[in-house]
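Asks:
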Amino acid sequence: MTSSPQKLSVSSLQAGYGDVQVLWDISLDVGTGELVCIIGSNGAGKTTLMRCLSGLLKPRAGSIVVDGRTMTAATPADFVRAGIAQVPEGRRLFSAMSVRDNLLMGAYLRMDKGAIAAELERVYEMFPVLAERRRQDAGTLSGGEQQMCAIGRGLMAAPSLLLIDELSLGLAPRAVELLTESLRTVNKSGVAILLVEQDVINALELADRAYVIDRGRVVKSGPAMALVNDPAIREAYMGLS
Ligand SMILES: Nc1ncnc2c1ncn2[C@@H]1O[C@H](COP(=O)(O)OP(=O)(O)OP(=O)(O)O)[C@@H](O)[C@H]1O
Ligand SMILES: [Mg+2]
């Protein structure tokens, strides 16, 4: 996919917390409009990587380039302005605020009231249950509805790249199906997606390409179709042989 312009380009990224280094040498790309997934065991460094890609954690070395611009030391607001929105692990909604107000938080850097209102309508169209529950506290939503709300909040920033840290964790199959379908729709509308997902089969079915991260290093990458059929991946991450 080197021919498509890169939305995001990460090179030799290193990051960690205090004395603990978590990411040792991460290089990956997401093309404009591409859907890429990241696979890795618990503690591999996936969330740490997502935090670097949204300005929440400063890398120790390496570079993050967005649309050709170096963003390595940029702030979270800079990342949002560059078109990157994050759906964080655990959803992180404001539970005592309404669904509508949570969604509007995603548009905090946008000024155009008309465009924000139109975006809100698009989110309600995508997730009608959020429209029905717009006045309800987000903390009273079911797990699946909370994830819809978290994705909706991300979309309210009108991103060109949506980062999602764990789409399906703890959710029933029906909710996962619905969310997966909505991600397809979002991606078809031209938004690139970088998805961290425990449900490896689901992720590889959805994605164009995938990276496997193990102990802070990319150990494998390629077209999702190729990885689905890779015996080592099937054994290590899908429990199949
Ligand atoms: N704030 C922190 N302070 C110190 N160490 C941390 C912090 N956050 C994460 N770590 C450590 O960094 C390593 C990678 O954690 P990270 O959350 O990035 O993994 P992950 O791949 O997202 O795992 P999971 O699949 O369980 O979500 C772990 O060993 C973890 O203990
Ligand atoms: Mg994580």
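Mapping of the sequence shown onto our numbering: residues 1 to 241, in sequence order. The beta-carbon is built from N, C-alpha and C at its ideal position, and this holds for glycine as well.
Can you find at least 3 beta carbon pairs, one from the region 16–31 and one from the region 43–60, that sit closer than 8 Å?
Replies: The region 16–31, when compared against the region 43–60, does touch it at the 8 Å Cβ threshold.
Asks: Cβ atoms of S12 and A74: under 9 Å apart, would you say?
Replies: Going by C-beta atoms, A74 is not nearer than 9 Å to S12.
Asks: Take the Cβ of M111 as the centre, count every other Cβ of all protein chains shown within 10 Å, and call the residue buried at 16 or more, exposed below.
Replies: When all chains shown are included, M111 counts as exposed.
Asks: Mind checking F94: buried by the 16 CB within 10 Å criterion, or exposed?
Replies: Under this definition F94 is an exposed residue.
Asks: Given 8 Å as the limit, tell me if D165 has its C-beta closer than that to any heavy atom belonging to ligand 1.
Replies: Under cutoff, so the answer is yes.
Asks: Does the region 131–146 come close enough to the region 94–106 to have 3 or more Cβ pairs within less than 8 Å?
Replies: Yes, since at least three Cβ pairs between the region 131–146 and the region 94–106 fall closer than 8 Å, the two stretches touch.
Asks: Is it the case that the CB of G45 approaches a heavy atom of ligand 1 more closely than 8 Å?
Replies: Within the cutoff, so yes.
Asks: Using the three-state DSSP reduction, which class does Q6 fall into: helix, strand or coil?
Replies: Reduced to three states, the DSSP call for Q6 is strand.
Asks: Would you check whether ligand 1 has a heavy atom nearer than 8 Å to the C-beta of L195?
Replies: Every heavy atom of ligand 1 is 8 Å or more from the Cβ of L195, so no.
Asks: Within 8 Å: the Cβ of I213 and any heavy atom of ligand 1?
Replies: At least one heavy atom of ligand 1 is nearer than 8 Å to the Cβ of I213, so yes.
Asks: Hey, out of P159, G33, C149, I39, whose CA is closest to A224's CA?
Replies: The candidate whose alpha carbon is nearest that of A224 is I39.
Asks: Compare the C-alpha of L103 against each of G143, I151, F79, V66 and name the closest.
Replies: When only C-alpha atoms are compared, the closest one is I151.
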